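Numbering (this note's numbering), first residue to last: 897 to 1380. All C-beta atoms in this analysis are idealised placements derived from N, C-alpha and C, irrespective of residue type, glycine included. Bear in mind the structure is a predicted one, so any value in this text is a computation, not a measurement. The next block holds one structure in the form of structure tokens; read it before the comments.
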């Protein structure tokens, strides 16, 4: 009996000694006991991880997201009541266009960094991590400069609509701080500081506008946009400082060494892929201006802001879950990957369905109560946008899995087609239907995106982990060969 126990203890010691360093158990091994318990299963460790570290990160991020979106909703209500539909339309057009440019200026690098930062941290590849950050910042800066020059040229184009010119002039104020703010938010999410990124990117600018509006009032869109831009600049500076503290100091001491061409090839599909929801919603606002009027931009913006809270739980969840999906794939733990995905889908269904039903059934009294009778035309598109946002919530976990599994090409194709469909439907539906046309175009594009993403995951469920493992192995091989 004692011999058998000794052999078991020796076997356990051998397994422990030859286990990969990143997977070694954290519990102490008491080699003096013959009845040493067997190491816990990996699934049990992951479950404990979810209940402890993940639960704390998610709770903090969820709270930050809730506070931030409530502040944005309060800002919307105050702006709508103080500026009227026309003035609020100008404010919505300027901020919406600037945020659309910010999503596109990074060329997909913010989304890429949020996924590669945790991978390089696990690998302790500090040279690649520093190179990734340096190239990401450079791409965001160059994209912002190009966008600024394009908007400036459009403003001075002869015969350009004067009302749109006013909106674009205000957009110029926001391009650089908004682009840097979007990039830093993604980097903080990759560094496991998603709550701080949300507070800086959403809560701080909204709180600043609310404070100025309550103290001195806002007579036009200009002071509102100026306040928003100043707060966004402060947010970008603070985010930069916090991110430098969140990244291991070995990163800043390492020599930058990476694969910028390979990263760019992976980032480009994410340009429209990861930002597709924001691109489509902001594209509706941008296209409503020239195809209809800034007054209808105000109506549509008010309706959309009421649905803004619908997808925040899913967005917050995936900011925590996507790095964990990447870690599960790096560890080749397929059960953990599918478990995280199922939890995200169930969470999305439970959180979005009741709100969608409420907004669809009670749209008119809700709009009248919150914004006043002047915004009653927002009630009709609100019904459609409530359905659209329900499908949008389900695309978020699907997108997280496809990206983490290295299926960026098909993911980018799906979202590119959806965005192009949204643009085409806007051209067809907005001139005859106005804001209802924009809402219907959004719903059609989002529905197409969800059906295509879900069918792709379903038809490739047996091979998705194998493809992800090969992709991760290739990435590790490239980074290893590039390291001096």
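- Runs of the alpha helix (DSSP H) lying entirely within the stretch 1018–1093, each at least 4 residues long, are 1022–1051 and 1058–1086 in chain order.
- In this structure, residue 1152 and residue 1030 form a Cβ contact; the two beta carbons are roughly 5 Å apart against a cut-off of 8 Å.
- Residue state for residue 1204 is assigned as coil, using DSSP reduced to three classes.
- Residue 1270 carries a helical assignment under DSSP once its states are collapsed to helix, strand and coil.
- Listed in chain order, the alpha helix (DSSP H) elements of length 4 or more contained wholly in the stretch 1283–1353 are 1304–1329.
- Rounded to whole angstroms, the separation of the alpha carbons of residue 1272 and residue 1137 is 44 Å.
- Cα atoms of residue 1028 and residue 1154: separation of roughly 7 Å, rounded to the nearest angstrom.
- Put simply, of 1074, 1175, 1256 and 1017 the residue whose alpha carbon is nearest the alpha carbon of residue 1277 is 1256.
- Within the same chain, and ignoring the five residues on either side of residue 1182 in sequence, the residues whose Cβ sits closer than 8 Å to its Cβ are 989, 992, 993 and 996.
- When the alpha-carbon of residue 1124 is set against those of 1007, 1175, 1180 and 971, the nearest one is in 971.
- Check the Cα spacing between residue 1300 and each of 1108, 1209, 1013 and 979: the tightest is with 1013.
- Inter-residue distance for residue 1195 and residue 1334 is about 11 Å (C-alpha atoms, whole angstroms).
- In chain order, 1252, 1256 and 1339 place their CB closer than 8 Å to the CB of residue 1283, counting only its own chain and leaving out the 5 sequence neighbours on each side.
- Ranked by how close their Cα comes to the Cα of residue 968, the residues 1082, 1164, 1095 and 1242 have 1095 in first place.
- By the Cβ-count criterion, residue 1242 is exposed, with fewer than 16 other Cβ atoms from all chains shown falling within 10 Å of its own Cβ.
- Note on residue 1115: under 16 other CB atoms within 10 angstroms of its CB, so exposed under the neighbour-count rule.
- Taking the CA atoms as reference points, residue 998 sits about 18 Å from residue 986.
- DSSP, read as helix, strand or coil, puts residue 1180 in helix.
- Contact between the stretch 1032–1044 and the stretch 1100–1120 is absent: fewer than 3 CB-CB pairs across the two stretches fall below 8 Å.
- Remark: C-beta atoms of residue 1296 and residue 1221 approach each other more closely than 8 Å.
- Pairing residue 1227 with residue 1347, the inter-Cα distance amounts to about 30 Å.
- Here residue 1238 is exposed. Its C-beta has fewer than 16 other C-beta atoms within 10 Å.
- The C-alpha of residue 1185 lies about 29 Å from the C-alpha of residue 1254.
- For residue 1119, the enclosing alpha helix (DSSP H) starts and ends at 1117–1142.
- Around residue 1286, the same chain offers 1248 and 1252 as residues with beta carbons nearer than 6 Å, after the five sequence neighbours per side are excluded.
- At the C-beta level, residue 1267 and residue 1259 stay beyond 8 Å of one another.
- Separation of residue 1052 and residue 1038 (C-alpha to C-alpha, rounded to the nearest whole angstrom) is 22 Å.
- Selection 1179, 1080 and 974 evaluated against residue 1132 yields 1080 as nearest (Cα-Cα).
- Going by DSSP, residue 1189 is part of no alpha helix (DSSP H) at all; its letter is neither H nor E.
- In this model, residue 1325 and residue 1200 are separated by some 18 Å (Cα to Cα).
- The shortest C-alpha to C-alpha distance from residue 978 to any of 1050, 1117 and 1001 is the one to 1117.
- The C-alpha of residue 1229 is placed about 27 Å away from the C-alpha of residue 1147.
- Comparing C-alpha distances from residue 1164 to each of 1332, 1076, 1001 and 1056 shows the shortest one belongs to 1001.
- When the Cα atoms are used, residue 1059 and residue 1134 turn out to be separated by approximately 34 Å.
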